[in-house]
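*Asks:*
Numbering (this note's numbering), first residue to last: 3 to 257.
#1: Closer than 7 Å: is that where the CB of residue 50 sits relative to any heavy atom of the ligand MN?
#2: Hey, could you find the ends of the alpha helix (DSSP H) residue 103 is sitting in?
#3: Can you name the start and end residues of the alpha helix (DSSP H) that residue 49 belongs to?
#4: Quick one: grab the DSSP three-state call for residue 36.
#5: Find the nearest neighbour of residue 41 within the set 66, 58 and 51, judged by alpha-carbon distance.
#6: Between the alpha carbons of residue 235 and residue 31, how many angstroms are there, rounded?
#7: According to the neighbour-count rule (16 or more other Cβ atoms, all chains shown, within 10 Å of its Cβ), is residue 92 buried or exposed?
#8: If you count every other CB in all the chains shown that lies within 10 Å of the CB of residue 51, and 16 or more means buried, which is it?
#9: Could you work out which residue in 254, 142, 75 and 38 is closest to residue 290 when comparing CA atoms only?
#10: Taking the alpha helix (DSSP H) that residue 91 belongs to, which residues open and close that run?
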């Protein structure tokens, strides 16, 4: 997944959006080939006159866009996890970190830093702060500010996913309202005494409620995985905070 992070946030999300759009199209095509017409009506409203421009297909597209966003967040967390496993501060040994050692550590971290928000980049900023101010207290305050900034950035990065989780069931409700409206139009234009009237009306109403059902299920799946990945990412940030405190902040010393 590191290749995604190497593209940068905007490009990586654009690549994932295009990839997930293709996956959504393939999914709709595969569903349309299922022999059970009841399933295809439920999932993609395949018998609608305006197919493939149905509410369900739009929801499938939004669903896979949400999956793409979660893949990007998982890539970020996994990269941070691997950097923690590398134990970047092991070369500093168990001794205190004095201003004389800062330059060597800084050069080592610069060679390991690949992205602006990775662990080596954070360690570089802390070393520069310590080198500039010569104060452990100010470096500690700077570190706290950096951690808060990362938490805030993480929260903002989930904004799009939360919007998708909200908009999918909303589209389902819109589809239901549209379906009920079309069913009422059908009822108004049909003969209530006709043998096919009741079957046609109930069929259109059932399709109307399918959109809400599909939307709620998709939203529940996204919320479940979002909770797991966000919890994992928060755990990695907490591990970074603990690691830097134990292996750098608490070992900074100016004679």
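Note that the Cβ used here is the ideal one computed from N, Cα and C, for glycine as well.
*Replies:* On the basis of the supplied data:
#1: With respect to small molecules bound, the structure shown includes none, and the ligand MN cannot be examined in it.
#2: It spans 101 to 114 - the alpha helix (DSSP H) in which residue 103 sits, taken as one unbroken run.
#3: That residue, residue 49, is in no alpha helix (DSSP H); it is neither H nor E in DSSP.
#4: DSSP places residue 36 in coil when its eight states are reduced to three.
#5: Among 66, 58 and 51, the Cα nearest to that of residue 41 belongs to 58.
#6: Rounded to the nearest whole angstrom, the C-alpha separation of residue 235 and residue 31 is 34 Å.
#7: Exposed.
#8: Under this definition residue 51 is an exposed residue.
#9: Nothing in the structure corresponds to residue 290, since the chain is present only between 3 and 257.
#10: Counting along the chain, residue 91 falls outside any alpha helix (DSSP H), and DSSP gives it neither H nor E.
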